[in-house]
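Under UniProt numbering, the first residue of the sequence shown is numbered 1, with each subsequent residue one higher.
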Amino acid sequence: MFDYLIVGAGFAGSVLAERLATRSNKRILIIDKRSHIAGNAFDHYNEEGILVHKYGPHIFHTNSKDVFDYLSQFTEWRSYEHRVLASVDGQLVPIPINLDTINKLYGLN
1 MFDYLIVGAG FAGSVLAERL ATRSNKRILI IDKRSHIAGN AFDHYNEEGI LVHKYGPHIF
61 HTNSKDVFDY LSQFTEWRSY EHRVLASVDG QLVPIPINLD TINKLYGLN
């Protein structure tokens with residue numbers, strides 16, 4: 001017998017199930033229409049050992065140390081820094097436009 005049935009094993013369903021089971025000592029049944037957990041963030045290694053992102057690449061953003069620490073219990077992180085640059089008159093400048101963009105375009109410090 002279960003205390004809760006959670007439909008969906010993506011981020012929300014998985015976190016809810018873990019929190020209820022851990023903090024409330026409840027028995028949880030979690031189901032998903034797919035044959036795997038993680039929702040659209042699911043990935044796996046194929047026969048050649050290549051990591052495949054079945055539903056496309058995924059990047060996780062947070063400014064919360066609590067969220068980062070919580071998720072770090074369940075995953076390893078790969079550092080990634082996303083920068084977008086535009087080519088303007090032969091110069092690469094940051095986009096969206098910010099003070100650095102203006103300074104580069106006008107040769108200011």
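For every residue, glycine included, the Cβ atom is placed at its ideal position computed from N, Cα and C. Keep in mind the model is a prediction, meaning the values are calculated, not measured.
Can you name the residues that DSSP bridges to residue i?
i     : result
Tyr45 : Leu51
Ile6  : Ile30
Pro94 : Leu85
What residue range is occupied by the uninterrupted beta strand (DSSP E) comprising residue i?
i     : result
Ile31 : 28-31
Leu85 : 84-88
Our contact map puts residue i next to residue j with C-beta atoms below 8 Å; I'd like the distance itself, whole angstroms only.
i     : j     : result
Tyr4  : Lys26 : 6 Å
Ile59 : His82 : 7 Å
Leu92 : Leu99 : Incorrect: roughly 16 Å between the Cβ atoms, too far for contact.
Ala17 : Ile6  : 5 Å
Which residues bound the alpha helix (DSSP H) around residue i?
i      : result
Ile102 : 99-105
Thr22  : 11-24
Phe68  : 65-71
*Inspect the CB distances between the segment 64-73 and the segment 40-51 and report whether three or more fall short of 8 Å.*
no
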